[in-house]
Amino acid sequence: MKGLFVTFEGIEGAGKSTQAKELYNYLKEQNPKVALTREPGGTDTGKKIREILLTPTEEVFPSLAELFLYEADRVLHVENKIKPLLEKGYIVISDRYIDSTLAYQGYARNIDKEVVKYLNKLATDNLTPDITFLIDIPVEEGLKRIREERGFDRIEQEDIDFHKKLREGFLKIAQEEKNRVVVIDGLNSPQEISAKIIKIFESRFKEYL
Ligand SMILES: Nc1ncnc2c1ncn2[C@@H]1O[C@H](COP(=O)(O)OP(=O)(O)OP(=O)(O)O)[C@@H](O)[C@H]1O
Ligand SMILES: [Mg+2]
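Under numbering that gives the first Met the number 0, the residues of the sequence shown are numbered 0 to 208, in order.
See the structure below:
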């Protein structure tokens with residue numbers, strides 16, 4: 000059977016990593032061919048790119064530099080990991096993918112959205128997820144969770160307006176791609192959210208269970 004590509008998106012603290020792992024654990028019980036990965040940093044070289052992106056620096060870090068680093072990470076990820084796994088019939092779950100770049104660098108950092116979309120296409124060789132779960136929460140809640148969990152990293156030091164643009168961006172993407180992107184209310188308990196995600200997964204992709 001051909002592979003299946005699932006992604007998780009949302010603002011910081013939304014619960015992407017928690018839910019990606021929950022879905023992974025659930026699927027793994029029924030199907031050994033499941034892989035969990037993330038962006039940035041899904042490959043060896045990508046881990047180095049992730050470090051560059053998330054380490055605070057006194058230097059100017061232009062949005063375009065961010066964009067190119069994220070896309071470079073993505074090319075490495077798609078070519079070395081995602082595509083080979085899909086070809087072997089795996090369900091691949093990625094914690095962040097193309098929508099994060101469009102939301103952050105496009106909607107929040109104001110780089111031309113058409114340019115971001117084009118680079119996303121180029122970087123992925125047009126590989127679009129079969130389904131994307133957008134976990135949506137208010138900005139204040141996301142930042143509160145992150146603050147409680149750990150200190151802010153470079154991106155998280157940004158002001159609240161930035162995160163609001165980000166959230167709106169994700170929601171616009173979901174509106175534009177209703178068939179692919181499912182919006183999930185991230186304010187419910189982790190258990191309720193994962194039960195909902197599993198239900199949606201089962202209803203769309205029964206044959207993978
Ligand atoms: N549904 C939830 N309700 C309350 N707290 C939650 C919920 N889901 C996750 N959390 C907590 O919020 C914090 C952030 O969760 P998680 O790391 O899954 O978010 P994330 O979207 O991956 O964040 P980041 O963008 O920083 O990677 C964690 O401390 C986690 O335990
Ligand atoms: Mg995370």
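Ideal placement from N, C-alpha and C gives every residue a C-beta, glycine not left out.
Predicted model only: the values in this text are computed from it and were never measured.
Would you decide whether SER99 is buried or exposed? Buried here means 16 or more other CB atoms lie within 10 Å of its CB. By the neighbour-count criterion, in which 16 or more other beta carbons inside 10 Å mark a residue as buried, SER99 falls on the buried side.
Using the Cα positions of GLU65 and GLN104, report the straight-line distance between them to the nearest angstrom. 8 Å
Given a cut-off of 7 Å, decide if ILE90 and LEU3 are closer than it, judged by their beta-carbon atoms. Yes.
LYS46 Cβ short of 6 Å to ligand 4 heavy atom set: Absent from the structure shown: ligand 4. Ligands present: ligand 1 and ligand 2.
Which residue comes first and which comes last in the beta strand (DSSP E) that contains THR36? 33 to 37
Where PHE60 falls: helix, strand or coil (DSSP): coil
Kindly indicate which three-state DSSP category GLU206 falls into: helix, strand or coil? helix
Nonlocal neighbours in the same chain, by C-beta distance under 7 Å from LEU26, ignoring five residues either side: VAL33, ILE90
Mind pulling the alpha helix (DSSP H) runs of 4 or more residues that sit fully within the segment 125 to 168? 138 to 148
What does GLU8 pair with, by DSSP beta-bridge criteria? Within the DSSP bridge table, the entry for GLU8 names LEU133 as partners.
Can you tell me which of the three DSSP states SER93 falls into? strand
Rounded distance between the beta-carbons of ILE134 and GLY9, thought under 8 Å: 4 Å
May I ask which residues mark the beginning and end of the alpha helix (DSSP H) holding ILE81? Taken as a continuous stretch (DSSP letters only), ILE81 belongs to no alpha helix (DSSP H), as it is neither H nor E.
Give me whichever residues DSSP pairs with ILE246 in a beta bridge. Here the chain covers residues 0 to 208 and nothing more, so residue 246 does not appear.
If I measure Cβ to Cβ from THR17 and keep anything under 7 Å in the same chain, skipping five residues before and after, which residues do I get? PRO189
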